[in-house]
Amino acid sequence: IDQLVKSKKLDVKDIEGQWETFLIQVVEKPMAGVDRALVIAGSDKRGTIYGIYDVSEQIGISPWYWWSDVPVAHKEALWVKPGRYVQSPSVKYRGIFINDEAPALSNWVESKYGNVKPSHKPPIPVGIVNYNHEFYTKVFELLLRMKANYLWPAMWNNAFNEDDPENPRLADEYGIVLGTSHQEPMLRAQKEWDRRYYTTLGHWNYYKHPDTLENFWREGIRRNKNYESIITMGLRGANDTEIAGDIHANIKTIENIVLRQQKIISEEMNPDITVVPQSWCLYKEILDYYNKGMSVPENITLLWPDDNWGNIRRLPSKEERKRSGGAGVYYHFDYHGDPRSYEWINTNPIAKIWDQMTLAKQYGADRIWIVNVGHFKGYELPMEYFLSLAWNTDRWTNANINEYTRLWAARDFGPEYANEIADILSKYTKFNGRRKPESLSPHTYSLINYHEAENVVNEYNKLAHQAEILYNKLPPEKRDPFYQVALFPTKICALVNELYVTAAKNNLYAAQKRASTNDMAIQTRLLFQADTSMMTYYNQVFANGKWNHLYGSDTPGLYRLDASSKKQSRCH
């Protein structure tokens, strides 16, 4: 590349000194003995990687070739248009948070990679699921293929840096910027604290153990200082809870904590802390503290959260947009907590993602975009859309949301059925978006007004029937990926909606003392059995069990049958 630039055969003025920018260009007679070359040049390491993977995608390799079994079709010839092609990101740091990973993803990882070898130094107890580098390198590659660069690793019962020391080393080698979740400051996992101190000191508590916590943080910064990271600042209570105490006292304490954290960073990494990336997520009560006047150092990126349900709570004001640290967004496709968790299946229409994240960009929240993707598998379309939007917010607008879905389907399944596949993907997420499966009950839809319940069931069953027909039309090698991203979620969600409505009829008919009450009870039980059969097929039969455990064995939220009940007129 340097020789091409020096000989004036390649102009790099568009990428030189830029962040993660790449150039793809056909160059005539680049060197002796070569008539023509396709040149990929990056402004930096990741810029080059993105350029290579962009070409890889153009020749037919989906980012999901491993994670969704998308086949790679052989091409007899590859053709390149002449000209110059330059890309750079709209958002600086773009990534995902693997969260709420147990039991589904953790059981899958354990079945593939076993458990971490117990040790005393670092302290690793028996039975820790092995989220090792063999797992994470597949995640790293996927992220880079989607032009992402940032990761918060799984943390419910794991410590990314200690469970496998190759994890952080290879992340840095691949070019992935590491962070820790919004509740885990200074590059330390909560489990690193728990394994050392929980039996003697209890949960981390700055009021009780400030010196121990500061030494704990210092060790984390010292350990990871040579790896590219964004350091999470601040502090919440253990297990993602609010710090106990008076709000005004907590504000003063947390302000002091951040100053102490910055002092550690200046001593261990760089005296100029403004060049060390830092973020502070204003999650739950921390946003309330901020709104009540909690001060934040100018250089820290403020990470604005949604309400856990995909609605951004607040965005930076005109004055806040002047801060040198900038702003970002912490978004959710999955949530574990009150008032209701949703962790099972994709319920995220990409139109809503566009609405909220484009608004964030308009208000200057473009330093970091990170999305909670739960157990990861099953969120293929919204995850890639989120990252595509972060890469190029100008390219994807409200006018071409359907085009994005069509192009996504065409890339992975071919153009012949792309419109039909896109329609299924759009509709099932639309239906799930209006009421998530975990929020359903027999009382959700009315049986007596406007045919509401009947219409919901009919719409979903019609869509599931369309997906089934399309599955049988596809070439055999494309059926497995289609089953994963379209057929299974559509069929299982149609079944769940019908099950709840049938259970509601069972309740209503019993109250009305109808003779057909028992018919509805029998039908409800049959739907339960169908649900169990479908989940068993996905986990144990489909793709020879490759994805076993990833959707659990039960559909969450369903009312379970009371086996001890002698009544046939009701199901629970």
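In this note's numbering, the protein residues as written are 61 to 632.
All C-beta atoms, glycine included, are put in the ideal place defined by N, C-alpha and C.
Our contact map puts residue i next to residue j with C-beta atoms below 8 Å; I'd like the distance itself, whole angstroms only.
i: TYR153; j: ARG427; result: 7 Å
i: TYR423; j: PRO376; result: 6 Å
i: VAL561; j: TYR505; result: 6 Å
i: HIS503; j: ALA554; result: With a Cβ gap of about 19 Å, HIS503 and ALA554 do not count as contacting.
i: LEU467; j: MET206; result: Their Cβ separation, rounded to whole angstroms, is 14 Å, which puts LEU467 and MET206 out of contact at 8 Å.
i: ASN217; j: ALA162; result: 7 Å
i: GLU528; j: ASP160; result: Between ASP160 and GLU528 the Cβ distance is about 30 Å, and since that is not below 8 Å, they are no contact.
i: GLU328; j: LYS285; result: 6 Å
By a C-beta neighbour count over all protein chains shown, 10 Å radius and 16 as the cutoff for buried, is residue i buried or exposed?
i: SER384; result: exposed
i: TRP126; result: exposed
i: ARG381; result: exposed
i: LYS141; result: exposed
i: GLU358; result: exposed
i: ARG296; result: buried
i: LYS627; result: For LYS627, the predicted structure reports a pLDDT of 32, less than 50, and the residue's modelled location is therefore unreliable. The matter cannot be settled from this model.
i: LYS66; result: exposed
i: SER624; result: Low confidence applies to SER624: its pLDDT is 31, below 50, so where it sits in the model is not reliable, and the reading given next is rough at best. Exposed: under 16 other Cβ atoms inside 10 Å.
i: TRP340; result: buried
i: ASP622; result: Note that ASP622 scores a pLDDT of 37, beneath 50, so its modelled location is shaky; the value from the coordinates is reported in the next line. Answer is exposed; the Cβ neighbour count stays below 16.
i: TYR191; result: buried
i: ASP254; result: buried
i: TRP264; result: buried
i: GLY280; result: buried
i: ILE508; result: exposed
i: ASN371; result: exposed
i: VAL132; result: exposed
i: HIS180; result: exposed
i: GLY77; result: exposed
i: PRO213; result: buried
i: SER128; result: buried
i: ASN330; result: exposed
Sort the options by Cα distance to residue i and report the nearest one.
i: VAL389; options: VAL94, LEU138 and ILE156; result: ILE156
i: HIS525; options: TYR505, ALA546 and SER506; result: ALA546
i: ILE109; options: TRP79, TYR597 and TYR445; result: TRP79
i: VAL99; options: ILE121, GLU76 and ILE112; result: ILE112
i: LEU230; options: GLN422, ASN310, LYS198 and LYS207; result: LYS198
i: ASP224; options: LEU530, ASN316, LYS105 and HIS193; result: HIS193
i: HIS392; options: VAL433, GLU279 and LEU165; result: VAL433
i: ARG539; options: VAL318, ASN557, TYR477 and ILE281; result: TYR477
i: PRO497; options: PRO475, HIS435 and ASN408; result: ASN408
i: LEU203; options: GLY235, LYS285, LYS105 and ILE582; result: GLY235
i: ILE324; options: THR592, LEU247 and LEU568; result: LEU247
i: ARG320; options: TYR266, ASN608, GLY353 and TYR287; result: TYR266
i: SER499; options: ASP306, THR313 and ASP398; result: ASP398
i: LYS551; options: GLU117, THR592, ASN310 and ARG455; result: THR592
i: VAL556; options: PHE588, ALA571, GLU537 and ALA570; result: PHE588
i: ASN515; options: GLU558, PRO535 and ASP483; result: GLU558
i: TYR395; options: ALA387, LYS421, ASN368 and MET417; result: ASN368
i: ILE346; options: LEU419, ASN462 and GLU302; result: GLU302
i: PRO536; options: GLY474, GLY143, ASN452 and ASN175; result: GLY474
i: ALA92; options: TYR145, LYS69 and TRP414; result: LYS69
i: ASN479; options: LYS378, GLY493 and TYR464; result: TYR464
Looking only at DSSP bridge pairs, what is residue i linked to?
i: MET91; result: VAL94
i: PHE157; result: TRP212 and ASN432
i: PRO365; result: TYR390
i: GLY297; result: THR301
i: SER179; result: ILE184
i: GLY102; result: PHE82
i: THR592; result: Looking at the DSSP assignment, THR592 forms no beta bridge with any residue, so it has no partner.
i: GLN147; result: PHE82
i: THR292; result: SER339
i: VAL189; result: ASN175
i: ILE372; result: ASP366
i: LEU467; result: DSSP, once it has assigned bridges, lists no residue as partnering LEU467.
i: TYR402; result: TYR395
Within this structure, are the beta carbons of residue i and residue j separated by less than 8 Å?
i: THR292; j: THR334; result: no
i: ALA411; j: VAL151; result: no
i: TYR520; j: PHE491; result: yes
i: ASP472; j: VAL169; result: no
i: ALA97; j: PRO90; result: yes
i: ALA219; j: LYS251; result: yes
i: LEU83; j: VAL94; result: no
i: TYR196; j: LEU238; result: no
i: HIS435; j: LEU64; result: no
i: LYS487; j: LEU523; result: yes
i: ILE121; j: LEU138; result: no
i: ALA590; j: ASN566; result: no
i: ALA459; j: ALA425; result: no
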